[in-house]
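Q: Heads up: the sequence lines are chains A and B, in that order. For the first sequence, the numbering used here gives the first residue as 1, with consecutive numbering after it. For the second sequence, the numbering used here gives the first residue as 1001, with consecutive numbering after it.
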Amino acid sequence: MSKTLRTYEEINEKIAKGQVVVVTAEEVIDLVREKGIERVAREVDVVTTGTFGIMCSSGAFLNIGHTKPRMKIHEAYLNGVMAYAGLAAVDLYIGATQPAKDDPLNKVHPGEFRYGGGHVIEDLVAGRDVLLEAYAYGTDCYPRKKLVTWINIRDLNEAYLFNPRNAYQNYNVAVNPSDKTLYTYLGVLLPRMGNAGYSSAGQLSPLLNDPFYRVIGIGTRIFLGGGIGYVVWQGTQHNPSVARNERGIPKGGAGTLAVIGDLKGMSPKWIQGVSIRGYGCSLALGLGVPIPILDEETLYYCSVSDEEILAPVVDYSHAYPHGTGEVLGYVSYAELRSGIIKIQGKEVPTAPMSSYSKAREVALTLKQWIQEGKFTLTKPVAPLPGVESGVRFKNLVERPVETSVLVGR
Amino acid sequence: MNGNGKKIVLRFPQEVADRPIVCELALRFGLQFNILRASISPHREGIMVMEVIGSREKQEEGLAFLASRGVLVEPLSQDIRMIEERCYHCGACVGLCPTGALFMERPSFLVRYDPGKCIACELCVLGCPARAMEALI
Chain A
1 MSKTLRTYEE
11 INEKIAKGQV
21 VVVTAEEVID
31 LVREKGIERV
41 AREVDVVTTG
51 TFGIMCSSGA
61 FLNIGHTKPR
71 MKIHEAYLNG
81 VMAYAGLAAV
91 DLYIGATQPA
101 KDDPLNKVHP
111 GEFRYGGGHV
121 IEDLVAGRDV
131 LLEAYAYGTD
141 CYPRKKLVTW
151 INIRDLNEAY
161 LFNPRNAYQN
171 YNVAVNPSDK
181 TLYTYLGVLL
191 PRMGNAGYSS
201 AGQLSPLLND
211 PFYRVIGIGT
221 RIFLGGGIGY
231 VVWQGTQHNP
241 SVARNERGIP
251 KGGAGTLAVI
261 GDLKGMSPKW
271 IQGVSIRGYG
281 CSLALGLGVP
291 IPILDEETLY
301 YCSVSDEEIL
311 APVVDYSHAY
321 PHGTGEVLGY
331 VSYAELRSGI
341 IKIQGKEVPT
351 APMSSYSKAR
361 EVALTLKQWI
371 QEGKFTLTKP
381 VAPLPGVESG
391 VRFKNLVERP
401 VETSVLVGR
Chain B
1001 MNGNGKKIVL
1011 RFPQEVADRP
1021 IVCELALRFG
1031 LQFNILRASI
1041 SPHREGIMVM
1051 EVIGSREKQE
1061 EGLAFLASRG
1071 VLVEPLSQDI
1081 RMIEERCYHC
1091 GACVGLCPTG
1101 ALFMERPSFL
1111 VRYDPGKCIA
1121 CELCVLGCPA
1131 RAMEALI
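(1) For residue 1092/B, collect the residues of the same chain with a Cβ closer than 7 Å to its Cβ; drop the 5 residues on either side in sequence, then sort them by chain order.
(2) Whole angstroms are fine: how far does the CA of residue 226/A sit from the CA of residue 341/A?
(3) Within 8 Å (strictly less), CB to CB, does residue 191/A reach chain B?
(4) Beta-carbon of residue 195/A versus every beta-carbon of chain B: anything under 8 Å?
(5) Distance, Cα to Cα, residue 405/A vs residue 394/A?
(6) From residue 1042/B to residue 1125/B, what distance separates their C-alpha atoms?
(7) The region 45 to 75 of chain A: which residues have C-beta closer than 9 Å to a C-beta of chain B, in chain order?
(8) Going by DSSP, what residues sit across from residue 147/A in a beta bridge?
(9) Helix, strand or coil, according to DSSP, for residue 1058/B in the structure here?
(10) Tell me the DSSP secondary structure of residue 382/A in three-state form.
(11) Write down the C-beta distance between residue 175/A and residue 313/A rounded to the nearest angstrom, noting that I regard them as a contact closer than 8 Å.
(12) Shorter than 8 Å from the beta carbon of residue 1043/B to some beta carbon of chain A?
(13) Please check if any C-beta of chain B sits within less than 8 Å of the C-beta of residue 350/A.
(14) State the DSSP-derived secondary structure class of residue 19/A, mapped to helix, strand or coil.
(15) Inspect the CB distances between the region 168 to 187 of chain A and the region 235 to 253 of chain A and report whether three or more fall short of 8 Å.
(16) Got a sec, what are the start and stop residues for the alpha helix (DSSP H) residue 371/A sits in?
(17) Assign residue 411/A to buried or exposed, taking buried as 16 or more other Cβ atoms, counted over all protein chains shown, within 10 Å of its Cβ.
(18) Just curious, the alpha helix (DSSP H) that residue 1132/B is in, first and last residue?
(19) Going by CA-CA distance only, name the one from 407/A, 337/A, 298/A that's closest to residue 1106/B.
(20) Counting contacts by CB-CB distance shorter than 8 Å, is residue 1090/B in contact with chain A?
(21) Tell me which same chain residues have a C-beta within less than 7 Å of the C-beta of residue 160/A, skipping the five on either side of it?
(22) Relative to the C-alpha of residue 361/A, which residue among 285/A, 107/A, 92/A is closest?
(23) Under 8 Å Cβ to Cβ from residue 37/A, same chain only, skipping five residues before and after it: list those, please.
(24) Along chain A, in chain order, which residues have C-beta atoms closer than 8 Å to that of residue 1108/B?
(25) How should residue 166/A be labelled, buried or exposed, when 16 other C-beta atoms within 10 angstroms of its C-beta is the threshold for buried?
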């Protein structure tokens, strides 16, 4: 363990005095190359990270307020998209990937998925009116059975994003060696390895700058969708046990974050509904995490560059859908970002699904907020499960269901 | 392609969709052409995207001939449009675009569109998650 250089309290005091030194995870790379870890660790208080990409495991809780007479909503649609109503009377959860109820889906492949939960969230954030249709079975205390009305985010009691899994620490690079075009969540994959889809901000990505979750934990205040949010738990499928390189960087999808944030403070610039051809609808989102430079080790980890981060190349025509775990090779984010990678001797153009320019803008915005004293750092109240936790991502083991159970279903 | 090539979109109404018209560009006017895309809709209307190569004078004569036969002729560049306010510059389209009309500007990592290089294959329309690429064809 290297010597503590500063505490959260000291950083926040410097923020209050306007004396804090902040750089982005991209800027810090050259700074460390130029001046060395020791000197930069003394000079820099905070490094800001950022990512902007499609994050499917996202959604929002809404409380629409009570009607007269009262209603315990059983089934609800927002602009024709089903929201989960299995909560208290007027609480709803709208999930990012829920398509509109009359969407033709993939009946004519590849489906367009023009409008879904992510678009509803974008419309709410943009302050546009959203049509609510709700149904109930009626009870003595909640007699109303039907409701059709416009709602607007400004009138909702609460509207907050609660995303079970965001900010994946590293991810696959998808290729398609087959003879037909594939429509995947990593984009349209052209046959005979005509292109390669990937999605990570690499050197700017939050968890790639804190690979062992030394400073990012439960309670960390973050940039979320242009507003303020918090890390609330490890994300679903959090998998710290993935093999790592000598810098501690996982060689595939590893850690994830569950995050929360007030939708009312967010901006459509940072939260946008998306339609992935042949796959579904989702939400593109900007997320940034500040990293306090508590010691030299923290700085060492966040000085990582795209050359040092490797991603596995996976065949999405076979290995991925069938879960074989086979990897065709590894490429660095520097190669991916160059626009061309080499796989099995073939030059393949790369097609990113996450936006590097927006990731950079997230990190720069967060940097500015901290410099202007609008954003202070929080110390985690509990750590995320690390390598030592033994937490491991499991596949489902299916168990045969007895005929006696199936009868009558 | 060619310095004096012109990319156009031809629309064939139902009445002319089954006639040999395009070949006259070569036979009568000595123009070369490269068909980039062609399809006939269920209503039997045809659409063809092509690059016509030859002198400006011959091009004008040839296109006037097509118009006289009931074919609607439009320049291609107006047909694929980038909706700037929806684009978040991921670059999914860049890895699909076969001509480099869509490209990643460096070091800004912003996606740029050069309509002059577009052949209206519409792969970008298919691949853009933000629905920021629009085909008006």
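We put the beta carbon where it would ideally sit given N, CA and C, even for glycine.
A: The short version:
(1) So the qualifying residues of the chain are 1127, 1128, 1129.
(2) Residue 341/A and residue 226/A: Cα-Cα distance of roughly 33 Å.
(3) The C-beta of residue 191/A comes no closer than 8 Å to any C-beta of chain B.
(4) Interface annotation, residue 195/A: in contact with chain B, CB-CB separation under 8 Å.
(5) Residue 405/A and residue 394/A have their C-alpha atoms roughly 26 Å apart.
(6) Cα-Cα distance, rounded: 21 Å.
(7) If the cut-off is 9 Å between Cβ atoms, the region 45 to 75 of chain A has 52, 53, 54 near chain B.
(8) Residue pairing from DSSP places residue 147/A in a beta bridge opposite 134/A.
(9) In the displayed model, residue 1058/B falls within a helix according to three-state DSSP.
(10) Residue 382/A falls in the strand class under three-state DSSP.
(11) The Cβ separation is near 6 Å, so the contact holds.
(12) Taking 8 Å as the threshold, the shortest C-beta distance from residue 1043/B to chain A does not fall below it.
(13) True, the Cβ-Cβ gap to chain B drops below 8 Å.
(14) Coil at residue 19/A, not helix or strand.
(15) Per the Cβ contact rule, the region 168 to 187 of chain A is in contact with the region 235 to 253 of chain A (3 or more Cβ pairs under 8 Å).
(16) Segment 356 to 371, the alpha helix (DSSP H) holding residue 371/A.
(17) Missing from the structure shown is residue 411/A; chain A here goes from 1 to 409 and no further.
(18) No residue range can be given for residue 1132/B, since it is assigned to no alpha helix (DSSP H) and is classified by DSSP as neither H nor E.
(19) Of the listed residues, the one whose Cα sits closest to residue 1106/B is 337/A.
(20) Closer than 8 Å: yes.
(21) If we look at residue 160/A and ignore the five residues flanking it on each side, its Cβ neighbours are 60, 61, 260, 261, 262, 263.
(22) For residue 361/A, the closest of 285/A, 107/A, 92/A by C-alpha to C-alpha distance is 285/A.
(23) Excluding positions up to five away in sequence, the list reads 296, 299, 300, 303.
(24) Chain A residues near residue 1108/B: 357.
(25) Buried, because 16 or more other Cβ atoms sit within 10 Å of the Cβ of residue 166/A.
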